[in-house]
């Protein structure tokens with residue numbers, strides 16, 4: 015495979031490439047190779063997101079984040095009931 019060195023990359027282009035890398039979780043080199051292939055017509059461009067498809071929005075959670083959220087919710091659900099003691103006692107009494 016050939017190697018190329020790019021110089022004098024416009025700041026806006028560089029920032030957009032970095033942003034794409036963050037969004038996709040890809041290394042910068044992979045993003046640049048993908049963009050070159052796309053521009054040359056070697057691969058098809060990604061389809062536009064479907065309206066209402068929230069999974070494609072920026073900020074969606076990866077598996078680790080989803081798991082951490084589920085664990086946090088489970089921990090919150092295991093906390094004691096914060097109802098006043100007279101309500102908790104009434105629930106325990108028969109007929110209450």
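In this note's numbering, the protein residues as written are 15 to 110. Backbone N, C-alpha and C define an ideal beta-carbon position, used for all residues, glycine too.
Practice task
Report the three-state DSSP secondary structure of residue 90 (helix, strand or coil).
Solution key: By one-based count along the chain shown, residue 90 stands at place 76. It is helical.
**Study point:** CA-to-CA distance, residue 41 to residue 60, given in whole angstroms
**Key:** Counted from its first residue, the chain shown places residue 60 at position 46. Counted from its first residue, the chain shown places residue 41 at position 27. Those two C-alpha atoms are separated by around 18 angstroms.
So, helix, strand or coil for residue 46, using DSSP? Counting from one through the chain shown, the residue named residue 46 turns up at place 32. Helix, per DSSP.
Report task. Report yes if the CB atom of residue 50 is closer than 8 angstroms to the CB atom of residue 31, and no otherwise. Result -> Indexing the chain shown from 1 puts residue 50 at position 36. Indexing the chain shown from 1 puts residue 31 at position 17. Contact: no.
Could you tell me the alpha carbon to alpha carbon distance between residue 21 and residue 28, rounded to whole angstroms?
Within the chain shown, the letter at position 7 stands for residue 21. Within the chain shown, the letter at position 14 stands for residue 28. Residue 21 and residue 28: Cα-Cα distance of roughly 11 angstroms.
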